[in-house]
Structure formats: structure tokens, C-alpha cells
Amino acid sequence: MTILVTGGGGFLGQAIVRQLIERGDAVVALNRSAYPELEALGVDCRRGDIGDADAVLGAAAGCDAVIHVAAKAGPGLHAPDFERPNVVGTDNVLAACATHGIGLLVYTSSPSVVHGGGDIENGDESLPYATHFHAPYPETKARAERAVLAANGPDLKTCALRPHLIWGPGDNQLLPRLIEKNRSGRLRLPASDKKIDTVHIDNAARAHILALDNLTGPATAAGKAYFISNGEPLANGEIIARLLEAVGEQPAIRQVPLGLANTLAGAVEGAWRLTGRRSDPPLSRFVVEHLATAHWYDISAARRDLGYEPEISIAEGLRRLRDRRSS
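Under the working numbering, the first residue of the sequence shown carries the number 48, and numbering increases by one thereafter.
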């Protein structure tokens with residue numbers, strides 16, 4: 048099978064590509080930059096923007112399936128920066144599938160599409176989409192997920208996965224941000240006892256391949272979304288501290304009152320909008336909301352339909368982080 052992986056050079060994308068190559072699939076990766084390490088694996092690397100319909104159409108030619116990972120994430124406030132990669136990009140993927148007769152599509156979504164501001168404890172796929180969002184990222188991901196699932200039918204089987212806080216060796220998002228904030232003394236939590244889910248990178252990648260295999264076979268996952276995690280919810284202060292320790296950092300987590308955090312976040316957002324900045328703000332209501340609430344999920348549906356099991360436990364994943372640092 049020849050599989051197009053959009054965003055194949057990213058943290059999750061590379062893990063998916065490597066697992067596909069290891070089992071003998073041919074892979075085409077669409078990225079904005081060059082990735083010699085993927086080319087060395089025999090990946091057909093294409094340069095292009097996911098928001099460019101022609102680039103997506105060209106990369107998809109000759110493929111049997113698509114794993115659509117490419118997206119813009121983060122707490123940024125400038126909506127157009129998220130609209131093009133997350134919504135237009137997904138529309139381009141769906142159009143390419145239709146043009147080339149590609150019948151299988153796995154989409155990387157986010158649990159934030161159902162997070163409306165309160166605690167989510169052992170939530171499952173019956174949770175509705177949130178009715179309001181504090182940032183463009185979850186809003187655009189929700190629209191894209193809806194489009195992907197709505198496209199499911201006789202000619203195109205689709206499935207959406209919602210991996211939660213992916214971490215592990217090679218992480219260029221979560222861990223670097225935690226390290227930077229920890230070293231600068233800005234690692235403050237409004238509710239360090241709230242439980243959250245995370246997922247090791249290898250587990251997240253494996254879930255995508257299992258979803259593709261399901262669509263290829265029984266297709267019991269077609270038209271559905273699934274939460275993907277390690278199934279080991281921990282207090283956010285605990286998992287943050289353990290991640291930092293695994294990479295050789297001394298955690299310096301401080302508590303901040305929720306009211307103060309929200310006030311500061313609102314002020315920062317106001318300043319960013321007033322000055323028209325497009326960079327990620329150092330604090331936002333979206334970030335505060337996720338740090339101040341529980342969000343962990345029941346993964347029994349993924350276990351039942353996809354055969355998903357988190358093979359790399361948190362303890363094992365942390366050991367691998369430590370081993371990589373010492374090697």
C-alpha cells in the first residue's frame with residue numbers, strides 16, 4: 048500500500064512514517080521543509096503547503112490512503128493562521144481523495160474539540176463538540192474533524208483520532224516549552240492536582256496505523272472519532288514534574304490562583320490583539336482553561352474497535368527519555 052502522510056516531517060508524522068516503513072508500506076510525505084532523514088528511509092518526500100490545493104493533489108497521486116497529520120497547533124490568537132492549514136488544508140485533502148479515488152483517510156484531531164471549559168473525567172466519544180472556544184486552534188480542528196467524518200461514505204472511509212498531549216523522544220513542542228518555562232521561573236499552575244491524560248509518541252503513532260488497518264478491513268471505525276491516550280491519567284503537576292526530571296531538569300512548579308491567572312491571560316490577550324502580534328502569547332485563556340481543569344478520557348472504544356493498547360507505559364516512556372539524555 049502507498050500512503051500519503053501529510054506533515055510527515057513533524058513529531059507525530061515522523062513516528063507514523065517510521066512505523067509504516069518498518070512494516071513494508073510505501074510512504075509519500077508532504078512537508079513544507081526538506082527532511083533528509085525521511086529520504087534516507089526511502090520516503091518519497093514532497094515539498095508543499097497543505098493549504099495549497101495543487102500541492103496536495105500532486106502528492107496524493109498514486110496513493111491508496113492518506114493519514115492527515117499536518118496542522119497548526121498552539122495558543123495563537125490570529126485566526127487566519129489556523130484557518131488555512133487546519134480547515135482549508137483538510138478540505139484540500141478531501142478533494143484530493145475524491146479526485147484520485149483514494150478510499151481511506153485517517154485524520155489527526157484533538158480532544159480540545161470537546162473541551163468547553165469544565166472538567167472532563169473519564170469522558171467518552173458521546174461528548175458533544177464544544178459550543179465555544181478560547182482559541183482558533185480547537186475551533187478549526189473541530190470544523191476539520193466534522194468535515195472528515197461527514198465525508199465518510201461508500202467511496203471514502205474516514206476516521207478521526209484525538210491523541211492527548213503527545214510526548215516522548217524527539218518532542219519539539221511540549222517538552223521544549225516546559226523546559227523553557229521551568230528555567231525562566233514561569234512554570235505556574237492554577238490547579239496542579241487536576242488529572243490529565245497524555246500519550247507516548249509510539250502509542251499515538253501506532254493508533255493511526257491501527258485505524259488505517261481497520262478502515263482497510265472491517266471498517267467498524269468508519270465515520271467515528273476516538274480518544275487516544277496512555278490510559279494513565281495523572282495530576283498535571285505530577286506528570287509535568289516527571290517529564291522534566293526525565294530530561295534532567297529540576298522542576299520549579301509554582302501555584303497561582305485561578306482568578307489571577309485568568310485576569311493575566313485576558314490582559315495578555317488584549318495586548319496581543321491591540322498590537323496585532325501573530326506570535327503565540329506567553330499566556331492565554333485557552334492555556335489557563337486546560338491547566339485548571341481535568342481532562343482525561345475513556346479509551347475503551349479505541350481498544351474495542353481498533354485493537355489499540357498503549358504498549359509504552361508512562362514509566363517506560365520516561366525511562367526511554369532518561370536513556371536518550373544519558374546516551
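Ideal Cβ positions, reconstructed from N, Cα and C, are used throughout, including at glycine. Note that the structure is a prediction, hence the values are computed from the model and not measured.
Exercise for review: Hey, could you find the ends of the alpha helix (DSSP H) Asn219 is sitting in?
Suggested key: Here Asn219 belongs to no alpha helix (DSSP H), and DSSP marks it neither H nor E.
Practice item. Return the first residue and the last residue of the alpha helix (DSSP H) that Gly100 is part of. Key: One point to set straight first is that residue 100 is Ala, not Gly, in the sequence displayed. Segment 100-107, the alpha helix (DSSP H) holding Ala100.
Check your understanding: In whole angstroms, what is the alpha-carbon distance linking Pro83 and Arg94?
Key -> Cα to Cα, Pro83 sits roughly 12 Å from Arg94.
Point to revise | Outcome for Thr178 when other beta-carbon atoms lying within 10 angstroms are tallied against a minimum of 16 | key: Residue environment for Thr178: exposed (fewer than 16 other C-beta atoms within 10 angstroms of its C-beta).
Review point. For Leu203, is the classification buried or exposed, using 16 other Cβ atoms within 10 angstroms of its Cβ as the cut-off for buried?
Key: Answer is buried; the Cβ neighbour count reaches 16.
Check your understanding: When burial is assigned at 16 or more other CB atoms within 10 Å of the CB, is Leu85 buried or exposed?
Key -> Classification for Leu85: buried.
Exercise for review: Compare the Cα-Cα distances from Val75 to each of Gly98, Gly270, Leu104, Ala100 and report the closest residue.
Suggested key: Closest option to Val75, Cα to Cα, is Leu104.
**Study point:** Identity of the residues DSSP links to Lys376 by a beta bridge
**Key:** Residue 376 falls outside the range modelled here, since the chain spans only 48 to 374, and no answer is possible.
Review point. Helix, strand or coil for Asp352 per DSSP?
Key: Asp352 falls in the helix class under three-state DSSP.
Check your understanding: First and last residue of the beta strand (DSSP E) that includes Asn384?
Key -> Nothing in the structure corresponds to residue 384, since the chain is present only between 48 and 374.
Check your understanding: If you draw a straight line from the C-alpha of Ala20 to the C-alpha of Pro298, how long is it?
Key -> For the chain, the structure presents residues 48 to 374; residue 20 sits outside this window and is missing.
Point to revise | CB-CB length for Glu172 against Phe274, believed under 8 Å | key: For a cut-off of 8 Å, the C-beta gap from Glu172 to Phe274 is around 7 Å, short enough to register as a contact.
**Study point:** Host alpha helix (DSSP H) of His342 (start-end)
**Key:** Taken as a continuous stretch (DSSP letters only), His342 belongs to no alpha helix (DSSP H), being part of the beta strand (DSSP E) at 342-344.
Check your understanding: How should Pro201 be labelled, buried or exposed, when 16 other C-beta atoms within 10 angstroms of its C-beta is the threshold for buried?
Key -> It counts as exposed.
Review point. Quick one, which of Gly71, Ala62, Ile68, Thr53 has its alpha-carbon nearest Ser80's?
Key: Here the closest residue by C-alpha is Thr53.
**Study point:** Limits of the alpha helix (DSSP H) - the one that Asn375 falls within
**Key:** As displayed, the chain neither begins before 48 nor continues past 374, which places residue 375 out of reach and without an answer.
Exercise for review: Look at the Cβ atom of Ser159, then the Cβ atom of Lys119, and state whether they are nearer than 8 Å.
Suggested key: No.
Check your understanding: In three-state DSSP terms, what is Phe180?
Key -> Residue state for Phe180 is assigned as coil, using DSSP reduced to three classes.
Point to revise | Integer-rounded CB distance, given that Leu67 should sit under 8 Å from Ile97 | key: The pair is not a contact, with the Cβ atoms about 19 Å apart (cut-off 8 Å).
Review point. Are the segment 149-166 and the segment 106-120 touching, with three or more C-beta to C-beta distances below 8 Å?
Key: Yes: the two stretches touch, three or more of their Cβ pairs being nearer than 8 Å.
Practice item. Just mark Asp244 as buried or exposed, buried being the case when its beta carbon has 16 or more other beta carbons within 10 Å. Key: It is buried - the Cβ of Asp244 has at least 16 other Cβ atoms within 10 Å.
Practice item. Compute the Euclidean distance between the alpha carbons of His162 and Glu336, then round it to the nearest angstrom. Key: Taking the straight line from one Cα to the other gives about 9 Å.
Exercise for review: Run the CB neighbour count on Leu262, radius 10 Å, all protein chains shown included, and call it buried at 16 or more, exposed below.
Suggested key: Buried, because 16 or more other Cβ atoms sit within 10 Å of the Cβ of Leu262.
Review point. Leaving out five residues before and five after Arg289 in sequence, what residues of the same chain have Cβ atoms less than 7 Å from its Cβ?
Key: Excluding residues within five positions, the ones whose Cβ falls inside 7 Å are Leu365.
Exercise for review: Leaving aside the five residues before and after Ile167 along the sequence, list all residues of the same chain whose C-beta is less than 6 Å from its C-beta, in chain order.
Suggested key: Apart from sequence neighbours up to five positions away, the residues of its chain that approach Ile167 with a beta-carbon distance below 6 Å are His342, ordered along the chain.
Point to revise | Simplified DSSP state of Cys92, which is helix, strand or coil | key: Here Cys92 sits in strand by DSSP.
Practice item. Give a yes or no on contact between the segment 206-217 and the segment 243-257, applying the rule of three or more CB pairs nearer than 8 Å. Key: Touching, per the Cβ criterion.
Review point. Among residues of its own chain, excluding the 5 on either side of Ile50, which ones have a beta-carbon nearer than 8 Å to its beta-carbon?
Key: In the same chain as Ile50, and ignoring 5 residues on each side of it, the C-beta atoms closer than 8 Å to its own belong to Leu67, Asp72, Ala73, Val74, Val75, Cys110, Asp111, Ala112, Val113, Ile114, Leu259, in chain order.
Point to revise | Spatially closest choice to Glu296 from Leu222, Ala238, Thr322, Thr310, by CA coordinates | key: Looking at the Cα atoms, Leu222 is the closest of the given residues.
Practice item. Leaving out five residues on either side along the sequence, give the residues of the same chain with a beta carbon under 6 Å from the beta carbon of Glu279. Key: Counting only residues of its own chain and dropping the five nearest sequence neighbours on each side, Glu279 has a CB closer than 6 Å to the CB of Ile361.
Check your understanding: Around the C-beta of Pro127, are 16 or more other C-beta atoms found within 10 angstroms, so that it is buried, or is it exposed?
Key -> Looking at its Cβ environment, which holds fewer than 16 other Cβ atoms inside 10 Å, Pro127 is exposed.
Exercise for review: Find the nearest neighbour of Val90 within the set Asp99, Ile63, Val116, judged by alpha-carbon distance.
Suggested key: For Val90, the nearest C-alpha among the options comes from Ile63.
Check your understanding: When burial is assigned at 16 or more other CB atoms within 10 Å of the CB, is Arg253 buried or exposed?
Key -> Flag for Arg253 reads buried.
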